[in-house]
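See structure below.
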Amino acid sequence: MADTALSSRQYLDLKAQTRRQTHLTRILAFLVASGMLGAGIGLQVYPFSLLWAVAPLLAYPLLIQLLTMVAEKRGVAAATLSQTLLQADALCIGFACACLWFAVVPSLALLAIVHANAMSHGGWRPWLGSVAMTTLGAGAGGALFYLLDPTFEPVPQAPLSLVVLALLGLAVYMGASAFFAQRQTRYLRLAQQQLREQQRQALNMSRKLAKYLPPQIWGSLFTGKRDAKLETRRKRLTVFFSDIKGFSAISEELPLDTLTAMLNTYLSEMTRIALRHGGTIDKFIGDAVMVFFGDPKSEGAQEDAFRCVAMAIEMQRHMRLLRQRWKHEGIEQPLEIRIGINTGYVTVGNFGTDSRMDYTILGTDVNLASRLESACRPGQVLISESTHELVQDRIQCRSVGDISAKGFNRPIPVYEARDLKRHAGARNRYVSAETEGFALHMDLERIHNFDKKRILGTLARSATDLKDNKPVSLDFEAEGFVLHLDSDRLHHRERPRVLEFMGRSARRVQEQLRL
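Okay, so the sequence shown: first residue is 1 according to full-length UniProt numbering, each after it adds one.
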């Protein structure tokens, strides 16, 4: 296996390998203790009667492994279990020191083993506990040997051979511990790399899935503010419906690739406008768009309604640029959209099943917005009376009377939203004019500064050529700007008006274009 890759087995068994290495170091520590005791008995440093103590020291690690398996099956927390075993190890090592009759060098070797292990696995608090448990084990062992043999006395000075054996055992244990630690560190480093890669993949996947959800909903799910469960609530929302007039007929005439590109461009542009105004995009149904304002985040019913209507007005004006672009691409059909807006109490939330759910809205007021869209003329924005009451101070509206809507027993008063009142008497961000052989549409807030010279140069050259009666055939497009000029189709009496309009447009670009 390469150093930079971690096999799935190693990744999945990382905890198991940690437990295994901890168990191996425990076995090695008690092998050192029982080995020193057995060697001491063989060298006649200790009486042969102490041979009984070798068996418990060898059996202890096996007993601990069995108890660990039982504790894990019963759901004992790993951290709690680890700390408990550290203290148990310290208690047994203290007893082993008593078995060695507290010989200085062998006892220090065992104490170095157990306390280094406690410090590396727990810190200073577990180490203090280990000191206490070692003292307790040593005291209990010494008391036991004294009861068995009242002549028992510590033997601080161990023979050289036992000292060498103790130091050799300590060296072997430290070397093995360092090897296990280095191996564990490598596994952890590789596991972190694998985790980072999985996080990157999960982030990429979440970004892909986000395209199937409204950004507001995806964001609240991703941050944990909202749970993916079946739940709904009643809220006052402003609901928006739009569609392209005659789209079904157009779709039968256009090639599939052209139709797909046109529809994707339209939906992309409408989505960009909706998100800028803070709308929650519910769904696309072919060319139809459904948006609502007021959930998951609301700025208040009045502000939600205003943003929705302002969005609709901008969409209608942006369609002029799109129509000119499509005409340049050979789509001659005059594509226009109809928009209906209503404000009212609806049911909003997750509908469906636990395995497949849809975040949407339901209710009579949703149906009314759809009916208004159906009753709307192409290029118009119709709003209900409830929406009009919320936006009339900020939106220029005119009453268009009552309409009869399917599913509603009473006539529905409706209004046409025409423009924002702050644009009345002021210079609008939109500039638009169209006649046979000429079309110019601008959205000054969308024109980039780096396009300014190109736009001004195009306007100047085409106006000069037109004034000098030179033939002009031009289709120019930049972000927020479309100019079509065909002098052969332009009527002679329209030329002065076109030239004047192009001059005013150039001045607007020169004076008002934002960075």
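Glycine included, each C-beta is placed from N, C-alpha and C at the ideal position.
Query	Result
Touch test, the segment 332-350 against the segment 235-250, Cβ-Cβ under 8 Å, three pairs minimum	yes
Distance, Arg371 Cα to Pro411 Cα	12 Å
Residues near Val289 in its chain [Cβ-Cβ closer than 6 Å; skip 5 each side]	Ser242 and Met270
Supposed contact pair Leu321 and Val482 - C-beta distance, whole angstroms, cut 8 Å	5 Å
Rounded C-alpha distance that separates Phe476 from Arg495	19 Å
Outcome for Ala143 when other beta-carbon atoms lying within 10 angstroms are tallied against a minimum of 16	exposed
Simplified DSSP state of Asn342, which is helix, strand or coil	strand
Three-state class that DSSP yields for Lys335 in the structure shown	The question names Lys, yet the displayed sequence has Leu at residue 335. Reduced to three states, the DSSP call for Leu335 is coil.
CB of Ala463 within 9 Å of CB of Leu499, strictly	yes
Collapsed DSSP secondary structure at Phe408 in the structure displayed	coil
Whole-Å CB distance - Ala96 paired with Ala33, under 8 Å assumed	4 Å
Segment limits, beta strand (DSSP E) that includes Val239	Thr232 to Ile244
Selected residue, minimal CA-CA separation from Gln512, among Glu329, Lys452 and Met319	Lys452
Close-in-space but distant-in-sequence residues of the same chain around Ile403 (CB under 6 Å, 5 per side omitted)	Ala375, Ile412 and Val414
Short Cβ contact (9 Å threshold) for Glu312 with Ala405	This sequence places Ala at residue 312; Glu is not what is there. For Ala312 and Ala405, no; Cβs fall outside 9 Å.
Supposed contact pair Ile64 and Leu85 - C-beta distance, whole angstroms, cut 8 Å	6 Å
Near the ligand GDP: Leu160 beta-carbon under 8 Å from a heavy atom	Absent from the structure shown: the ligand GDP. Ligands present: none.
Complete alpha helix (DSSP H) runs within the UniProt domain "Guanylate cyclase" (238-373) (minimum length 4 residues, chain order)	247-253, 256-276 and 301-328
Under 9 Å between C-beta atoms of Ser183 and Gln83	The question names Ser, but residue 183 in the sequence shown is Arg. No, Cβ-Cβ distance for Arg183 and Gln83 is not below 9 Å.
Anticipated Cβ contact below 8 Å, Ala50 with Ile41, distance rounded	Looking at the sequence provided, one finds Leu at residue 50 rather than Ala. Contact holds; Cβ gap of about 6 Å.
Secondary structure of Gln510, DSSP reduced to three states	helix
Alpha-carbon spacing of Tyr173 relative to Pro156, whole angstroms	23 Å
Rounded separation between Glu389 and Val366 - CA only	18 Å
Three-pair Cβ contact test at 8 Å for the segment 382-401 versus the segment 250-269	no
Buried versus exposed, by CB contacts within 10 Å (16 or more), Asp89	buried
The beta strand (DSSP E) enclosing Tyr430, as first and last residue numbers	Tyr430 to Thr435
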